[in-house]
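Written out below as structure tokens is the structure these notes cover.
Residue numbers (the numbering used here): 2 to 132.
Okay, structure coming up:
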């Protein structure tokens, strides 16, 4: 693979060869590279959503456990801790809602949106090759 073709694959868009037309192998490799990047991005987003769910639920469970352990105690320090736990519970609840919405958005978004754009780009590259 020439330096010219390597450069075109790095940014995902084929740079026309010195004669002005991209080669078929460069166009195909560029398409495969874009497709691989899209699939890696989707897997990364799914992993982040799973970690978001896990951390938010762990925060909620730990906060609830601590809150119920000190519920019958009295005093200024205990009340301050109880108030802090209520705030943490609110943050955990918000985290669960955010994780739920983001994971739903990524789970139900049409996967074909970015793949369609890549396919359109491949079609335009193939038209350029035919000319």
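We put the CB at the ideal spot given by N, CA and C, even for glycine.
Proximity to residue 53 across 100, 128, 119, 129 peaks at 100, based on C-alpha coordinates. Around the beta carbon of residue 117, a 10 Å sphere encloses fewer than 16 other beta carbons of the protein chains shown; the residue is thus reported as exposed. Pairing residue 40 with residue 79, the inter-Cα distance amounts to about 49 Å. Buried is the label assigned to residue 31, since at least 16 other Cβ atoms lie within 10 Å of its Cβ. With fewer than 16 other Cβ atoms inside 10 Å of its own Cβ, residue 87 counts as exposed. Under the three-state reduction of DSSP, residue 75 is assigned to coil, being neither helix nor strand.
In terms of Cβ geometry, residue 93 and residue 57 form a close pair [threshold 8 Å]. By the 16-neighbour rule on beta-carbons within 10 angstroms, residue 102 is exposed.
Residue environment for residue 66: exposed (fewer than 16 other C-beta atoms within 10 angstroms of its C-beta).
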